[in-house]
Amino acid sequence: MAFGTDQTNAIGFVLGADHTYVASSYLFPTSHRAVMEKTRTRARFGVMAQREAYGVFAGWTWVSPEFKGQDPKGQVLGSVRFFWNF
(Lines of atoms letter the chains of each structure in order from A; the text may use other names.)
(Lines give C-alpha, C1' and ligand atoms only; values in the text may rest on other atoms or scores of the structure.)
Protein backbone atom coordinates (compact mmCIF):
# COMPACT_ATOMS: atom_id res chain seq x y z
CA MET A 19 0.00 0.00 0.00
CA ALA A 20 1.47 3.37 -0.94
CA PHE A 21 0.46 6.89 -0.01
CA GLY A 22 1.55 10.09 -1.71
CA THR A 23 0.62 12.84 -4.13
CA ASP A 24 2.51 11.37 -7.08
CA GLN A 25 4.95 8.59 -7.92
CA THR A 26 8.04 10.60 -6.96
CA ASN A 27 6.99 11.23 -3.34
CA ALA A 28 5.46 8.31 -1.50
CA ILE A 29 5.32 6.22 1.65
CA GLY A 30 4.49 2.52 1.41
CA PHE A 31 3.93 -0.37 3.80
CA VAL A 32 4.36 -4.12 3.39
CA LEU A 33 2.73 -6.69 5.65
CA GLY A 34 2.70 -10.45 5.20
CA ALA A 35 2.86 -13.86 6.83
CA ASP A 36 3.11 -17.52 5.87
CA HIS A 37 3.02 -20.91 7.54
CA THR A 38 4.42 -24.09 6.02
CA TYR A 39 4.84 -27.80 6.71
CA VAL A 40 8.30 -29.28 6.03
CA ALA A 41 8.34 -33.00 5.22
CA SER A 42 12.13 -33.33 4.88
CA SER A 43 15.26 -31.24 4.43
CA TYR A 44 18.75 -32.06 3.19
CA LEU A 45 19.98 -29.42 5.71
CA PHE A 46 18.65 -31.61 8.55
CA PRO A 47 19.51 -35.22 7.62
CA THR A 48 18.15 -37.91 9.95
CA SER A 49 21.71 -38.70 11.07
CA HIS A 50 22.22 -35.12 12.35
CA ARG A 51 21.85 -34.28 16.05
CA ALA A 52 19.57 -31.31 15.34
CA VAL A 53 15.94 -32.33 14.86
CA MET A 54 13.99 -30.01 12.57
CA GLU A 55 10.58 -28.60 13.42
CA LYS A 56 7.82 -29.87 11.12
CA THR A 57 6.17 -26.46 10.73
CA ARG A 58 7.61 -22.98 10.22
CA THR A 59 5.98 -19.58 10.43
CA ARG A 60 7.16 -16.15 9.22
CA ALA A 61 5.68 -12.67 9.63
CA ARG A 62 6.98 -9.60 7.81
CA PHE A 63 6.58 -5.84 8.08
CA GLY A 64 8.29 -3.14 6.06
CA VAL A 65 8.06 0.56 5.34
CA MET A 66 9.38 2.45 2.31
CA ALA A 67 9.76 6.20 1.86
CA GLN A 68 10.66 7.79 -1.46
CA ARG A 69 11.24 11.40 -2.38
CA GLU A 70 12.20 12.40 -5.90
CA ALA A 71 15.04 10.08 -6.97
CA TYR A 72 16.04 8.63 -3.60
CA GLY A 73 14.48 6.56 -0.88
CA VAL A 74 14.86 4.03 1.88
CA PHE A 75 13.22 0.72 2.78
CA ALA A 76 13.38 -0.89 6.24
CA GLY A 77 11.91 -4.31 6.93
CA TRP A 78 11.64 -6.79 9.78
CA THR A 79 10.87 -10.52 9.68
CA TRP A 80 10.02 -12.79 12.61
CA VAL A 81 10.78 -16.47 11.99
CA SER A 82 9.73 -19.37 14.20
CA PRO A 83 12.34 -21.91 15.39
CA GLU A 84 13.65 -24.21 12.64
CA PHE A 85 14.91 -26.98 14.91
CA LYS A 86 14.26 -28.30 18.39
CA GLY A 87 16.38 -26.62 21.05
CA GLN A 88 16.29 -23.22 19.39
CA ASP A 89 14.90 -20.28 21.39
CA PRO A 90 11.11 -20.88 21.44
CA LYS A 91 10.51 -17.17 20.75
CA GLY A 92 12.11 -17.46 17.31
CA GLN A 93 14.26 -14.78 15.71
CA VAL A 94 13.78 -11.27 14.36
CA LEU A 95 15.76 -10.34 11.25
CA GLY A 96 16.07 -6.84 9.86
CA SER A 97 17.10 -5.26 6.58
CA VAL A 98 17.66 -1.76 5.25
CA ARG A 99 17.97 -0.67 1.63
CA PHE A 100 18.92 2.80 0.42
CA PHE A 101 18.44 3.69 -3.23
CA TRP A 102 19.15 6.65 -5.45
CA ASN A 103 18.05 6.78 -9.08
CA PHE A 104 20.33 8.95 -11.21
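Position 40 of the sequence shown, counted from 1, bears residue number 58 in the working numbering, the numbering being contiguous throughout. Glycine included, each C-beta is placed from N, C-alpha and C at the ideal position.
Could I get the ranges of all uninterrupted beta strand (DSSP E) runs contained in the segment 19–80, with 3 residues as the minimum, in chain order? 20–24, 27–39 and 57–69
Where residue 64 and residue 45 are concerned, what is the direct C-alpha to C-alpha distance, given to the nearest angstrom? Mapped onto the sequence shown, residue 64 falls at position 46. Mapped onto the sequence shown, residue 45 falls at position 27. Their backbone Cα atoms lie some 29 Å apart in a straight line.
Please name the residue or residues paired with residue 97 in a DSSP beta bridge. Within the sequence shown, residue 97 is the residue found at index 79, counting from 1. Answer by DSSP bridge pairing, in chain order: 77.
Quick one, are the C-beta atoms of residue 95 and residue 81 less than 8 Å apart? Position 77 of the sequence shown holds residue 95. Position 63 of the sequence shown holds residue 81. Yes, the Cβ-Cβ distance between residue 95 and residue 81 is below 8 Å.
One or two residues paired with residue 85 in a DSSP bridge: Position 67 of the sequence shown, counted from the first residue, corresponds to residue 85. The partner list for residue 85 (beta bridge, DSSP) reads 54.
To the nearest angstrom, how far is it from the Cα of residue 58 to the Cα of residue 91? In the sequence shown, the residue the question calls residue 58 occupies position 40. In the sequence shown, the residue the question calls residue 91 occupies position 73. The straight-line gap from Cα to Cα measures roughly 12 Å.
Under 8 Å between the Cβ atoms of residue 28 and residue 68? Counted from its first residue, the sequence shown places residue 28 at position 10. Counted from its first residue, the sequence shown places residue 68 at position 50. Yes, the Cβ-Cβ distance between residue 28 and residue 68 is below 8 Å.
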